[in-house]
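To keep things clear, I will list the structure first and then write my remarks on it.
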Amino acid sequence: MSEKVDILVISSEMVDENFVESLNENGEYIGRVVVSGEKKEFYSSLDVPVEFLSLESRNKAFLRNRLLEASSADYVLYLHENSSLEDDTIEELFSALNDRPEANLIYPNEVIFWNDVETVRNFSDYAEREVELLQSLAIENMMPETGVLFKSEFLKSSGGFDERFCDYEFYYFVYKNIKKLKLKWAEFAFVNNRLVDTFIDTSYRSLAVREVINFYDWKKEIFPLLGWKEDENVAFATANTIIGDRLASYIDFLNASEFYRRSLFCFHNTVSLGKLFDVYMLMGRFDDAFALLGEGFPEDERREREEKLNNVKKIISGLEEAVEKGEVKEVIAVMNEVAGYYKGAPIHNIMGVIAYLNGDMESAYRFFFKAVTMNPLERDYLLNLTDMAKKLGREEEVEGLINRLVKQG
């Protein structure tokens with residue numbers, strides 16, 4: 003096989019000890035390596051030419067685009083320094099390309115390492131059925147973002163990666179270009195990824211879904227199995243509920259609530275009503291949740307929901323009062339038990355306050371960030387997050403979060 007690929011590396015704080023060795027093992031298929039960051043000593047053992055762009059950015063989309071601009075190869079493969087390839091990964095990727103020469107994106111399987119736990123993700127082949135990926139509204143579950151072989155011209159002609167999406171750039175690219183994509187799964191290829199951090203800003207994923215549903219035909223492409231001809235109102239209600247569920251899985255409860263309301267407008271049903279009640283509870287919008295109890299729940303369900311709502315209100319009130327009294331240790335002691343019953347935005351806000359009182363600014367920021375993601379309209383959560391962002395110099399991150407959740411979509 004004479005074809006070679008440029009390896010485009012996004013620098014990271016953590017480095018997989020097998021990273022450079024894995025590139026050398028695949029060296030027969032590598033033209034050169036381009037690295038987004040500055041020169042590091044371990045690259046001296048690399049057997050192929052390497053170039054350093056010396057860029058500093060936390061925006062992966064920006065780094066992907068600059069790396070692509072620096073490449074001249076027909077094929078590129080993005081990696082992180084905390085990832086590595088098996089010794090035959092690139093060979094298997096090109097072998098899959100040979101099976102479908104028109105493919106412009108070839109993806110491997112993935113092995114994830116986190117806290118000494120190894121998880122293997124074996125994917126499926128969506129060749130010639132790419133649009134089916136839309137139906138999940140969760141493409142991140144269908145393929146890895148690293149170790150993917152691209153035809154460079156396809157990437158460049160498609161405009162590269164949308165830099166609004168920072169660390170969800172790959173999947174937004176797939177969503178946006180699904181009709182132009184020609185996919186191929188490399189069944190026997192694997193990329194290894196060592197997770198550096200489990201903190202994910204899920205608002206990028208939520209925004210992607212909210213944009214995607216405006217790109218494509220609901221009846222033919224996203225929800226073709228909902229029985230539109232039998233009862234269009236029920237189908238629209240179901241589609242809106244599915245979208246709400248996906249946004250809720252990204253803890254964007256504000257926008258999830260909007261789609262649950264749309265569902266109820268199309269066809270009043272207790273399923274969507276119950277989901278709306280649940281997200282109001284998780285947002286800490288207890289009065290709004292209480293108002294829904296008279297909207298048609300069966301009596302036994304209504305009583306059960308009312309009981310939980312009252313219990314949660316008492317728990318949150320008690321925790322907030324305890325923190326104000328300085329009983330931080332007592333609150334921490336019961337928090338795991340409380341979180342098993344209720345994991346809403348008020349809990350994350352309280353944990354943020356406790357982290358701040360303990361001097362852990364980074365953890366406080368993350369707790370407040372999650373509380374605001376769950377409910378960006380609550381003034382106290384916003385004040386806590388913006389105050390912490392100022393202390394850490396991360397005001398732009400918070401402004402972006404609010405824009406994604408409230409001002410767009």
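Under the numbering used here, the first residue of the sequence shown is numbered 3, with each subsequent residue one higher. Quick reminder that beta carbons are idealized off the backbone N, C-alpha and C, glycines included. Note that the structure is predicted; figures quoted are calculated from it, not measured.
{"query": "Report the residue ranges of all beta strand (DSSP E) runs contained in full by the stretch 50 to 94; include only those spanning at least 3 residues, in chain order.", "result": "52 to 54, 77 to 82, 85 to 87"}
{"query": "Around the Cβ of Glu130, are there at least 16 other Cβ atoms within 10 angstroms (buried) or fewer (exposed)?", "result": "exposed"}
{"query": "Which of the three DSSP states, helix, strand or coil, is assigned to Tyr282?", "result": "helix"}
{"query": "Quick check: the stretch 167 to 176 against the stretch 202 to 213, are at least 3 beta-carbon pairs closer than 8 Å?", "result": "yes"}
{"query": "Quick check on Gly33: does DSSP put it in helix, strand or coil?", "result": "strand"}
{"query": "Considering only residues of the stretch 192 to 263, which uninterrupted alpha helix (DSSP H) runs meet the minimum length of 4 residues and lie entirely inside it, listed in chain order?", "result": "205 to 217, 234 to 251"}
{"query": "Along the chain, where does the beta strand (DSSP E) that runs through Asn111 open and close?", "result": "107 to 116"}
{"query": "Give me the Cα-Cα distance between Ala210 and Asp219, rounded to the nearest whole angstrom.", "result": "16 Å"}
{"query": "Quick one: grab the DSSP three-state call for Gly8.", "result": "Note that residue 8 is Asp in the sequence shown, not Gly. It is a strand residue."}
{"query": "State the Cα-Cα distance for the pair Lys178 and Val17, rounded to the nearest angstrom.", "result": "31 Å"}
{"query": "Is the Cβ-Cβ distance between Gly286 and Pro348 less than 8 Å?", "result": "yes"}
{"query": "My output table needs one value for Leu185: the three-state DSSP class, helix, strand or coil.", "result": "strand"}
{"query": "In angstroms, rounded to a whole number, what distance separates the CA positions of Leu384 and Gly354?", "result": "12 Å"}
{"query": "Thinking C-beta only, is Gly298 closer than 8 Å to Thr272?", "result": "yes"}
{"query": "Return helix, strand or coil for Arg123, following the three-state DSSP convention.", "result": "strand"}
{"query": "By Cβ distance below 7 Å, which residues in the same chain neighbour Gly62 in space, the five residues on each side in sequence not counted?", "result": "One point to set straight first is that residue 62 is Lys, not Gly, in the sequence displayed. Within the same chain, Lys62 has close Cβ partners Ile12, Cys168, Asp169, Glu171."}
{"query": "Taking three-plus beta-carbon pairs below 8 Å as touching, is the stretch 70 to 89 in contact with the stretch 144 to 163?", "result": "yes"}
{"query": "What would DSSP say about Lys327, mapped onto helix, strand or coil?", "result": "coil"}
{"query": "On the CB-based measure, 16 or more other CB atoms within 10 Å of its CB, does Gly33 come out buried or exposed?", "result": "buried"}
{"query": "Can you grab the Cα-Cα spacing for the pair Glu364 / Pro378, in whole Å?", "result": "19 Å"}
{"query": "So, with DSSP's three-state summary, where would you put Leu311?", "result": "helix"}
{"query": "Cutting at 6 Å between CB atoms, please list the residues of its own chain near Ile318, excluding the five before and the five after it.", "result": "Pro348"}
{"query": "Could you give the distance in angstroms between the alpha-carbon of Asp382 and the alpha-carbon of Ile180?", "result": "41 Å"}
{"query": "Determine, using beta-carbon pairs with one atom in the stretch 100 to 116 and one in the stretch 186 to 204, whether at least three such pairs fall under 8 Å.", "result": "yes"}
{"query": "What are the residues that DSSP puts in a beta bridge with Lys178?", "result": "Bridge partners of Lys178: none, in fact."}
{"query": "In angstroms, rounded to a whole number, what distance separates the CA positions of Met3 and Leu99?", "result": "Note on Met3: pLDDT 45, under 50, position unreliable in the model; the coordinate value appears next. Between Met3 and Leu99, the C-alpha separation is close to 12 Å."}
{"query": "Please classify Gly342 as buried or exposed, where buried requires at least 16 other C-beta atoms within 10 Å of its C-beta.", "result": "exposed"}
{"query": "Can you tell me whether Gly161 is buried or exposed? The criterion is at least 16 other CB atoms within 10 Å of its CB, across all chains shown.", "result": "exposed"}
{"query": "DSSP three-state call for Leu321: helix, strand or coil?", "result": "helix"}
{"query": "I'd like to check one pair, Val336 with Ile356: are the Cβ atoms closer than 8 Å?", "result": "no"}
{"query": "In the DSSP assignment, find the alpha helix (DSSP H) that holds Leu385 and state where it starts and stops.", "result": "381 to 394"}
{"query": "Where does Phe152 fall in DSSP's three states?", "result": "strand"}
{"query": "How many Å lie between Asp127 and Thr121 at the Cα?", "result": "20 Å"}
{"query": "Check this for me: beta carbons of Asp254 and Thr375, under 8 Å apart or not?", "result": "yes"}
{"query": "Identify, in the order they occur along the chain, each residue of the same chain with its Cβ nearer than 8 Å to the Cβ of Gly411, setting aside the five sequence neighbours on each side.", "result": "Low local confidence applies: a pLDDT of 43 at Gly411 is under 50, so the model's placement there is unreliable, with the coordinate-based value given in what follows. Counting only Cβ-Cβ distances below 8 Å, and skipping sequence neighbours, we find Ser208, Leu209, Arg212, Glu213, Asn257."}
{"query": "Excluding the 5 residues flanking Lys2 on each side, which residues of the same chain have their C-beta closer than 7 Å to its C-beta?", "result": "The displayed coordinates of the chain run from 3 to 411. Any statement about residue 2 would go beyond what the structure contains."}
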